[in-house]
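There are 4 protein chains.
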Amino acid sequence: MPVQFDVDPSVARLAEATAVFVREVVIPAERECGGSVHDAPEALRQALQKGARQAGVFAPHVPARWGGHGLDLRGQAVVFEAAGYSLLGPLALNCAAPDEGNMHLLEKVATEEQQQRYLRPLAAGESRSCFAMTEPAPGAGADPRSLRTTATRVPGGWRIDGRKWFISGANGADFAIVMARTSGSPGDPGGATMFLVDAGTPGMRIVRDIETLDEGLFAGHSEIVFEECVVGEEQVLGAVDRGFDNAQVRLGPARMTHCMRWLGAARRAQDVALERAGSRMAFGSVLGDLGMVQQMLADSEIDIEASRALILRTAWELDTGSAAAAQLTSVSKTFVAEAVGRVVDRSVQICGALGISTADAPLARLLREVRPFRIYDGPSETHRFAIARRAVKPYRQPRPLDAAGS
Amino acid sequence: MPVQFDVDPSVARLAEATAVFVREVVIPAERECGGSVHDAPEALRQALQKGARQAGVFAPHVPARWGGHGLDLRGQAVVFEAAGYSLLGPLALNCAAPDEGNMHLLEKVATEEQQQRYLRPLAAGESRSCFAMTEPAPGAGADPRSLRTTATRVPGGWRIDGRKWFISGANGADFAIVMARTSGSPGDPGGATMFLVDAGTPGMRIVRDIETLDEGLFAGHSEIVFEECVVGEEQVLGAVDRGFDNAQVRLGPARMTHCMRWLGAARRAQDVALERAGSRMAFGSVLGDLGMVQQMLADSEIDIEASRALILRTAWELDTGSAAAAQLTSVSKTFVAEAVGRVVDRSVQICGALGISTADAPLARLLREVRPFRIYDGPSETHRFAIARRAVKPYRQPRPLDAAGS
Amino acid sequence: MPVQFDVDPSVARLAEATAVFVREVVIPAERECGGSVHDAPEALRQALQKGARQAGVFAPHVPARWGGHGLDLRGQAVVFEAAGYSLLGPLALNCAAPDEGNMHLLEKVATEEQQQRYLRPLAAGESRSCFAMTEPAPGAGADPRSLRTTATRVPGGWRIDGRKWFISGANGADFAIVMARTSGSPGDPGGATMFLVDAGTPGMRIVRDIETLDEGLFAGHSEIVFEECVVGEEQVLGAVDRGFDNAQVRLGPARMTHCMRWLGAARRAQDVALERAGSRMAFGSVLGDLGMVQQMLADSEIDIEASRALILRTAWELDTGSAAAAQLTSVSKTFVAEAVGRVVDRSVQICGALGISTADAPLARLLREVRPFRIYDGPSETHRFAIARRAVKPYRQPRPLDAAGS
Amino acid sequence: MPVQFDVDPSVARLAEATAVFVREVVIPAERECGGSVHDAPEALRQALQKGARQAGVFAPHVPARWGGHGLDLRGQAVVFEAAGYSLLGPLALNCAAPDEGNMHLLEKVATEEQQQRYLRPLAAGESRSCFAMTEPAPGAGADPRSLRTTATRVPGGWRIDGRKWFISGANGADFAIVMARTSGSPGDPGGATMFLVDAGTPGMRIVRDIETLDEGLFAGHSEIVFEECVVGEEQVLGAVDRGFDNAQVRLGPARMTHCMRWLGAARRAQDVALERAGSRMAFGSVLGDLGMVQQMLADSEIDIEASRALILRTAWELDTGSAAAAQLTSVSKTFVAEAVGRVVDRSVQICGALGISTADAPLARLLREVRPFRIYDGPSETHRFAIARRAVKPYRQPRPLDAAGS
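Here the protein sequences line up with chains A, B, C and D, keeping their order. Read in order, the letters of the first sequence are residues 1 to 406 in our numbering. Read in order, the letters of the second sequence are residues 407 to 812 in our numbering. Read in order, the letters of the third sequence are residues 813 to 1218 in our numbering. Read in order, the letters of the fourth sequence are residues 1219 to 1624 in our numbering.
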């Protein structure tokens, strides 16, 4: 069976329905929150999700058992790009971060009981969640092993103490998945455990909402303090001390779904630029006939096509459980995060003042949204480090003298 | 007399005093407006300017006759960089855009009477001004010759009709310098005239404040409509139909002073990154000992030094009235606008989540401020076009058939 | 049937056999010509092709009818990359430019008689060919429509007059495919015809071999003069005046096969760098543990994976006759040509003096070979122009006056 | 005294005379060696130097005492750029590497007797020299402290043993300046000493000439073996164990003079591209009117101007003995080496096939020459490391626990 890029007709139909829904329902709704998903009211979230259900495009990634379309990652690639064409699209389809990644994680590592209690309502859009891993310096940041939040055994469960920040969607979430150290010391490569902590559990407290450059995630990012926050044994998600492994279960696909959604945003920016290039006159011709503008437009087409090809390749590796998936995930995340940034930046440049105005075009907002993607989900530098290390590994030679033990 | 880079001791002292003033007075005041100069209250502007006067650093660029230090552009290069270290610094020293460029223009082309009425209070910080040239499509944008606002002779003066947007500082300005077409048609290379229009003149109306990516200019950017706005003959600034020439008087130095101020902002961003790199631990060492971070830090040092050298070179050409000044101004503006953008972008990357947080560091704000600089004052593409055209000119050959006269 | 990247087991076996053949037979033979394919003796070409036949890897792209493996472009993508790992590999497999593209062209547009006479021996490695299109200024270069070589009807055939240069493989070729203008004038979009011209036809004369930066093509590049070179009617290849269309038949796939072979060269360069990075000590650690080296290695892995994904995507579009193939061919050619250049350049940098030495590593040679790829087969600028034009087309608005019918 | 960029009239005259000499005498002579300085015959070197003496432009950097013009580095900046416009120019003026750097070193650290014996004929063009520091792995490369060649005390002098490679100008040199370890072990930051070794000294033997990508240095690069090579005490250059310090005396200015000469080569490449852009027609207009070509031309003008400004700034710091000189030397070397590479690369792209042809334009040769400059004299990565380390230093914080000694 040769290499091929067609998708199943059912996936193609879902993608087309998503594109129509985004164009006709979601984009018009952007006005209601000035394009800032962060500031979107809960009522808008519910209305959009209702619309998505009516359009038959809700929860494309969720297994049929939990009420979704059960797409694999290749199918998600096509549909999530269509959804990402509006920053509100993923929220409408209930496939936005961090809920989408949390659904995946719960499906893979939660007990049946945990799934019924947490995954079912989350998949249905009836609850929201957050993923509490990142900590302020000197805790877990680009290097997760620096984890400092601790979970200590107490009778019947665990006591969590520590501080997390940049926790997306925390404000208003019904539960948090919290990463805490159950053994070892900051810097150790193991010893982390995940916990399901319900909103309202004593000792878990949002201390502030962090104002950030991006405003594209519902409820934004918060800083959370855990002080003697006690949870029962049944709140452990996955095995004790296996938190870092479980994080990988979540992070690989989550990085790719981020890429898919952002690729849709890049396509939106490029389309705005193309529309401008096709109509705006300058220096005696239409913008799109000027060589330097053509160069920017062409470079963005190249960036978009290369991103799409890499995403599909990586989705296939992940879907088939290939050993190459980890390397390709790093490669794709790094490339796409930077490519998407370049595409939006060029669109802003082509549109000039219009690209800078927040009210007159979506570009200034998109520029703010895409920048952090080079930092979130592992900064480009961390991924490059991992890519290089894997590439060098088979060529690493024992040093003669060292090998001799001297 | 050989090439040399020292500045006069008096200039060096003024630069040092400015640096101290910015560090001790201006940066602490950033808290009062969340770093957004746009939203700074008028009282803060007045307090800062009072502080600058007390520190002896007010109006460095203004000729002594009008109460300033009378620096040439080389001197301004050093002092404005120090002022730009805070976005509020230029406002404090009364050397922010657009007032600074307007002072220069008024000094060069205004009548004595106009200078007494408009320049004197402007130089003293007692009034504010704006420069109304840019128009929405299909009017004057990257290509000023597309100018569509008209000024028609009426008895005793002129009637101005048209629409301007992205007019910085317009809201609350005491007067506007307005560019309007007095002859010819949109696309013609001449036929523009400048007018001094007082706030409150009937027919001039701010129709909206434009929310933009950047918020670093006092009072932001506005859209203005002129409908049968009549001004007297004495309000013509410079000669009739010489508006484009006069705009060049303003724009060359104004582009360079922009570069100087933004270079200070880049230095600030780099210093924040260096501070982080010197203290934050990751992967077993301090950030600043990691190769990829070192590469970013080094590239930013290179960008800053190259910018500084180009600015000084161009300032010298402008100060000495060299014919090469126009080309070097385009070269410097293009390079510095892009270099400053790269420096701030790298600083954000190095600082990670901290670089994205608006509350915890100035970087997210700076990132928003510097982006439009590649568009304002002539987009990079327009400058590159001009640079190439000048470079090719001596090599342009008559086409054989042309040479044959056919 | 979902997106998938596996290849048929038979193709995978052929690719693996090719890799083994290149490693064990071809790379050791590089010493015999100092790595310069240009200077390789005819005997080496024959010996390598004999070896390829014995290894069962000869002519992977040639239809079974003519003695090859009959791979489609997706299959070629995998096998040609393996062949390109040595500059001599494509020569050994008889899939090097320009013969490989000419075989494709002959298979698509030649008559049965022409195929028997020209394609059969060419596919068997018994003859060599060239493709004579490019002309010195002001003739056909980046813009093929500038074609100036003429073919004029004479009794029983055509008389060709003109000058061609940079004609790869011309020296020693058994025949040339020559593009000449049969109607219209230089600049016209049509009017070209292809001719099969046997070596030794009076009036066709190689006037010089052009010394170039690259030396990776057998027999190098020549300049050819046509003076009253008469050929019979049966030497017309394809229809009269359809030469530009036929050129597209050749050029689309030919651009992609170039990409495939060069990707193999990039992989070779990266492997040399990885080997160095895994063993060379500097500043107290192995090179591959230094951050800036890691960054280069990672960027090259990214460039290689993105190139591979784009090539496969485009090969699929071409294999399935998709309308999107033309755009993706331009996208891929532009990206891969630049990516390959970056990869080799980084490898040189990582290897330092070793990267510069022609005798001690293949990198200095590869650097010279890959540079012209950004110019050959359409310079990047021409492709970007085409990409942008296609992207803008649906957004192009009729200009108001045009719409009014004036 | 304010910042200023004028040079003394005498320097301006010397630069102009150099430009005329290069244009009228040196460039026509390029044909005699196919542009390859490496392959230039000794007779050509002598003829060109005679011509330079007659034109009054010989030895611009040499102090008057030794027969030159005694220019400081700022003066050299202007004159060396003019000389570098042809690869043969520096050879003609006797200011090519490595002799030029060796003259500077001898002037600064040699004894009077050594100067009479080595510097006098070298400055007069009557002898040639080389600088033998770089060693094959695992010896001194990017990291000089890895020095492995040893010099051991023997009665009356020193015995040198080791291997050096990439020693420019060694073949035919009258003497070598050899760096050898007199104390400590490979990796130690000190312990090196310089020795003057006459050609013909028993035990010093050139084992091969290394074929490299670049061919722009007279006599190319060689590999040298030292086996029981004994020299007398009077052959020590500078103090024993101070070799690394003395290397800095040579390397700082030598890096800048490299930049100056290469900037001339970049200017040459850009002028070739401009000439092409002003005359070659494509797609209905002259190349220089196409936007993407304009972008390349403009970017090269920017690179050239920024390089020039940085070189002058750094020359001033070195001339005035500023503490900032070391950092600015690294900044300038890194920027200029990369900028020069970009300029030549763009020129090749603009000229298309002509840029690739070795016989038809100087660009293909220049492309080969400039590439190694990013590796020679310290690879860009080593300089970036040094730049970052200096920048971070004032921000480096003692780690609390370390500081406490626990």
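Even for Gly, the Cβ is constructed at its ideal location relative to N, Cα and C.
Residue from the options whose Cα sits closest to the Cα of residue i
i: Ala-151/A; options: Thr-193/A, Phe-80/A, Met-260/A; result: Thr-193/A
i: Leu-290/A; options: Arg-1201/C, Thr-1141/C, Ala-855/C; result: Arg-1201/C
i: Leu-525/B; options: Gly-761/B, Asp-580/B, Ser-786/B; result: Asp-580/B
i: Asp-1406/D; options: Gly-1357/D, Gly-1387/D, Val-1415/D, Pro-1259/D; result: Gly-1357/D
i: Lys-799/B; options: Val-1566/D, Gly-1496/D, Gly-1402/D; result: Gly-1496/D
i: Gly-457/B; options: Val-431/B, Leu-553/B, Leu-693/B; result: Val-431/B
i: Asp-1517/D; options: Arg-1498/D, Gly-1502/D, Leu-1492/D; result: Leu-1492/D
i: Ala-1355/D; options: Pro-1404/D, Val-1588/D, Thr-1419/D, Met-1499/D; result: Pro-1404/D
i: Arg-1469/D; options: Ala-1457/D, Gly-1274/D, Ala-1543/D, Cys-1447/D; result: Per the sequence shown, residue 1469/D should be read as Leu rather than Arg. Of Ala-1457/D, Gly-1274/D, Ala-1543/D, Cys-1447/D, the residue nearest in Cα terms is Ala-1543/D.
i: Val-849/C; options: Ala-871/C, Asp-1189/C, Thr-1024/C; result: Thr-1024/C
i: Ala-831/C; options: Ala-909/C, Gly-896/C, Phe-978/C; result: Gly-896/C
i: Arg-780/B; options: Ile-375/A, Gly-89/A, Gln-349/A, Gln-4/A; result: Gln-349/A
i: Asp-777/B; options: Glu-744/B, Ser-753/B, Cys-757/B; result: What sits at residue 777/B in the sequence shown is Arg, not Asp. Among Glu-744/B, Ser-753/B, Cys-757/B, the Cα nearest to that of Arg-777/B belongs to Glu-744/B.
i: Leu-91/A; options: Asp-303/A, Pro-41/A, Gln-115/A; result: Pro-41/A
Alpha carbon of residue i to alpha carbon of residue j, nearest angstrom
i: Val-921/C; j: Asn-1058/C; result: 7 Å
i: Met-256/A; j: Leu-217/A; result: 17 Å
i: Ala-1165/C; j: Asp-1157/C; result: 13 Å
i: Glu-487/B; j: Glu-422/B; result: 11 Å
i: Ala-483/B; j: Leu-718/B; result: 7 Å
i: Gly-1167/C; j: Ala-1176/C; result: 6 Å
i: Tyr-395/A; j: Ala-315/A; result: 28 Å
i: Ala-867/C; j: Trp-878/C; result: 18 Å
Contacts of residue i in chain B (Cβ-Cβ under 7 Å)
i: Met-292/A; result: Glu-787, Arg-790
Close-in-space but distant-in-sequence residues of the same chain around residue i (CB under 7 Å, 5 per side omitted)
i: Asp-884/C; result: Asp-1131
i: Val-1467/D; result: Leu-1323, Lys-1326, Val-1327
i: Gly-1253/D; result: Leu-1305, Pro-1580, Arg-1583
i: Glu-639/B; result: Gly-562, Gly-563
Contacts of residue i in chain D (Cβ-Cβ under 9 Å)
i: Ile-1022/C; result: Ala-1571, Ile-1574, Ser-1575, Thr-1576, Ala-1577, Asp-1578
i: Thr-946/C; result: Ala-1571
Contact list for residue i against chain A, beta-carbon separation under 8 Å
i: Gly-547/B; result: Ala-282, Gly-352, Ala-353
CB contact below 9 Å: residue i versus chain B
i: Pro-98/A; result: no
i: Gln-1107/C; result: yes
Beta-carbon contacts of residue i that lie in its chain and below 8 Å, excluding the five residues immediately before and after
i: Thr-1552/D; result: Ser-1598, His-1601, Arg-1602, Ile-1605
i: Glu-30/A; result: Ser-86, Leu-87, Leu-88, Pro-362
Proximal residues of chain D, C-beta to C-beta of residue i below 7 Å
i: Ala-1176/C; result: Thr-1430, Leu-1431
Test: residue i CB closer than 9 Å to a CB of chain D
i: Thr-556/B; result: no
i: Leu-1029/C; result: no
Residue-level contact to chain A via CB, residue i, 9 Å cutoff
i: Ile-1114/C; result: yes
Cross-chain neighbours of residue i in chain A, by beta carbon under 9 Å
i: Gly-1090/C; result: Val-392, Lys-393, Pro-394, Tyr-395, Arg-396, Gln-397
Same chain, Cβ closer than 6 Å to residue i, five either side skipped, listed in chain order
i: Val-1152/C; result: Trp-1074, Ala-1078, Val-1182
Cβ-based contacts, 8 Å cut-off: residues of the stretch 571-604 of chain B near chain E: Of the protein chains in the structure, A, B, C and D, none is chain E.
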